[in-house]
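**Q** Sequential numbering of the sequence shown, starting at 1, is according to the UniProt record's numbering.
Submitted below is the structure of interest, expressed as structure tokens.
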Amino acid sequence: MAWECGIDGCGAVFEDVESAVVHQATEHQRRECKVCGTVVPDGYLAIRHAFTDHSRAEYVRAYGASSEEVREREELLEEIESEADMQAIATELQR
């Protein structure tokens, strides 16, 4: 399965999810979390931060997200986490 970067229309395609996540974290601008102000890598890691460190209600209030947008992000998190070798991603990002 190919993985495409969806940040700002980037469209870069990767053979594995780990490469896509590393690309997002290293090749795109970091973003400030609107809930807590923490600066995080864009893409999957930003979504993971928002949904792991904050409640769904906090996310909706801070980002003005609809229920559909929240569900899409939750589904994306589940899909990535079911496929990704998180240790490999962490190792690559520590280089």
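Note that CB positions come from ideal geometry on N, CA and C, so glycine has one too.
All figures in this text were calculated on a predicted structure; none of them were measured in a lab.
Given this structure, state the Cα-to-Cα distance separating Gly37 from Arg61, to the nearest angstrom.
**A** By 1-based counting over the sequence shown, the position of residue 37 is 37. By 1-based counting over the sequence shown, the position of residue 61 is 61. Looking at the two C-alpha atoms, the distance is approximately 14 Å.
**Q** Inspect the beta-carbon positions of residue 106 and Phe14 and report whether they are closer than 8 Å.
**A** The structure shown does not extend to residue 106, since the chain is modelled only from 1 through 95, so no value can be given for it.
**Q** Once DSSP output is grouped into helix, strand and coil, what is the label at Val70?
**A** Here residue 70 refers to the residue found at position 70 when the sequence shown is read from its first residue. Helix at Val70.
**Q** Residues in the same chain with beta-carbon distance under 7 Å from Pro41, minus the five sequence neighbours each way, listed in chain order, please.
**A** Counting from 1 along the sequence shown, the entry for residue 41 is found at position 41. Cβ within range, chain order: Gln24, Ala25, Arg30.
**Q** From residue 97 to Glu78, what does the alpha carbon distance come to, in whole angstroms?
**A** Nothing can be reported for residue 97, as the shown portion of the chain is limited to 1 through 95.
**Q** Helix, strand or coil: how does DSSP classify Glu83 here?
**A** Counting from one through the sequence shown, the residue named residue 83 turns up at place 83. It is helical.
**Q** Which runs of the beta strand (DSSP E) fall wholly inside the UniProt domain "C2H2-type" (5 to 28) and span at least 3 residues, in chain order?
**A** If we require 3 residues or more, the UniProt domain "C2H2-type" (5 to 28) turns out to have no beta strand (DSSP E) run fully inside it.
**Q** Out of Gly6, Glu32, Arg48, Val17, which one is the CA nearest neighbour of Glu83?
**A** Start at 1 with the first residue of the sequence shown, and residue 83 comes out as number 83. With distances taken between Cα atoms, Glu83 lies closest to Val17.
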